[in-house]
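Student:
There are 2 protein chains.
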Amino acid sequence: MCDGDGGHARSGGHGRCCPPPGRSRSFLQPWLLLLLSRDAAHGYELLERLGQLDVVPGADPGLLYRTLRQFEEDGLVCSAWDTDGSGPARRVYRITDEGLEYLHAWAVNVRRTRQRLDRFLDEYEKRFREEEKK
Amino acid sequence: MCDGDGGHARSGGHGRCCPPPGRSRSFLQPWLLLLLSRDAAHGYELLERLGQLDVVPGADPGLLYRTLRQFEEDGLVCSAWDTDGSGPARRVYRITDEGLEYLHAWAVNVRRTRQRLDRFLDEYEKRFREEEKK
DNA sequence: AAACTCTATATGACATGGTCATATAGCAGA
DNA sequence: TCTGCTATATGACCATGTCATATAGAGTTT
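Residue numbers (the working numbering), protein chains in the order written: chain A, 28 to 161; chain B, 28 to 161.
This is how it looks when you write it as structure tokens:
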């Protein structure tokens, strides 16, 4: 084996932790843009829809609101306060033309990403076929 | 439209920049583990193979070496110096049992991620079918 | 009226993955 | 000697995501 040890690595209490591998990648951005491409909505509403659709189920409110703000800074959406109805005021977001373009670019990106995943899974299965046949 | 403006957002020179949407997500970690599950190798070698396979084509050396070090800290690989042959010494990495388990966990994760992408693309195409038919 | 709960937006601290620039050193050939 | 390839490595930084927590309007309960 190895272990003439080059001189580092002694697994002290930090580094990688629990969830087997890497954070899930929720693709929050494209989902938000896609939802907004159907109807204007406020943050909390988007949060609920993402939960109902069962994509991005545990979406973080903090991230969501920050993302929407960033979108607005970048001109992908615009917002206005809605004080009608009960409860606190809602900031209602509406997608812009630029936002739509960005969504389409995201879709291209997602397809490319999926191809890369397929490529990995192909190679992975090629390598471990025997084991998978039990 | 919007723009009674709630009071923020004035698109000043910062924020999102060039590459249409989000960074590519190279999935460097599982690729490294998969390559190492076939043969022990040193960093530079892995870098070249990733380029030849045309997955993760422009992989960043800095990230690669750091990732391998982190793997070692976490016990997923172990390393030894190889001073045979010409050129500078190579740190040769070999996958461990724990590393193999981690790779399999990664594969599960990748499959789950792909499902999520499929879900997004389904919804996206459902929404924009008309436009795509030209 | 006070306490509680639901709706709604928001911030701070932090971890991880990735990009870009750059430093270092061994060795080979012009 | 200078250049260039091989090889490993660090620092600064950005983007995405997680976790905890703050704030506040409005309705319901006690």
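No residue lacks a Cβ here, since even glycine has one placed at the ideal position from N, Cα and C.
As the structure is a prediction and not an experimental result, all values here were calculated from the model.
1. Between L77/B, A68/B, N136/B and S64/B, which lies nearest to W108/B when the distance is taken from Cα to Cα?
2. Counting Cβ pairs closer than 8 Å, one from the stretch 85-102 of chain A and one from the stretch 137-156 of chain A, do we hit at least three?
3. Which same chain residues end up closer than 8 Å to V83/B when comparing Cβ atoms and leaving out the 5 residues on each side of it in sequence?
4. Is there at least one Cβ from chain B nearer than 8 Å to E150/A's Cβ?
5. Taking DSSP as the reference, what is the three-state secondary structure of V135/A?
6. Using a Cβ-Cβ cut-off of 6 Å (strictly less than) and excluding sequence neighbours within five positions of Y92/B, which residues of its own chain qualify?
7. Kindly indicate which three-state DSSP category R121/A falls into: helix, strand or coil?
8. Tell me which residue opens and which closes the alpha helix (DSSP H) that S64/B is part of.
9. What whole-angstrom Cβ distance do T94/A and C105/A have, given they're in contact under 8 Å?
10. Where W133/B and L61/B are concerned, what is the direct C-alpha to C-alpha distance, given to the nearest angstrom?
11. Cβ closer than 7 Å: which chain A residues qualify as neighbours of R65/B?
12. Looking at C-alpha atoms only, which residue of L74/B, G114/B, V137/B and P115/B is the closest neighbour of D87/B?
13. Taking DSSP as the reference, what is the three-state secondary structure of C29/A?
14. I believe L148/A touches V137/B by the beta-carbon criterion, under 8 Å. Please report the beta-carbon distance rounded to the nearest angstrom.
15. What residue range is occupied by the uninterrupted alpha helix (DSSP H) comprising R93/A?
Tutor: Let me lay it out:
1. Position 81 of the second sequence, counting from 1, holds the residue named residue 108/B. Considering only alpha carbons, the answer is A68/B.
2. no
3. Position 56 of the second sequence, counted from the first residue, corresponds to residue 83/B. For V83/B, where only same-chain residues beyond five positions count, the Cβ hits under 8 Å are S53, F54, L55, W58 and L77.
4. Indexing the first sequence from 1 puts residue 150/A at position 123. Closer than 8 Å: yes.
5. Numbered from 1 along the first sequence, position 108 holds the residue referred to as residue 135/A. Helix, per DSSP.
6. If you number the second sequence from 1, residue 92/B lands on position 65. The answer, listed in chain order, is G70.
7. For this step, residue 121/A is matched to residue 94 along the first sequence. Strand, per DSSP.
8. One-based indexing of the second sequence puts residue 64/B at position 37. Counting along the chain, the alpha helix (DSSP H) containing S64/B begins and ends at L55 to R65.
9. By 1-based counting over the first sequence, the position of residue 94/A is 67. By 1-based counting over the first sequence, the position of residue 105/A is 78. Going by Cβ atoms, the distance from T94/A to C105/A rounds to 15 Å, so no, they are not a contact pair.
10. Within the second sequence, the letter at position 106 stands for residue 133/B. Within the second sequence, the letter at position 34 stands for residue 61/B. Distance between the alpha carbons of W133/B and L61/B is about 10 Å.
11. As a position in the second sequence, residue 65/B is number 38, starting the count at 1. Neighbours of R65/B on chain A, chain order: R154.
12. Within the second sequence, residue 87/B is the residue found at index 60, counting from 1. For the residues L74/B, G114/B, V137/B and P115/B, the minimum Cα distance to D87/B belongs to L74/B.
13. Stepping through the first sequence from its first residue, residue 29/A is reached at position 2. DSSP places C29/A in coil when its eight states are reduced to three.
14. Indexing the first sequence from 1 puts residue 148/A at position 121. Indexing the second sequence from 1 puts residue 137/B at position 110. That belief holds up - the Cβ atoms of L148/A and V137/B are roughly 6 Å apart, short of 8 Å.
15. One-based indexing of the first sequence puts residue 93/A at position 66. Start and end: P88 to E100.
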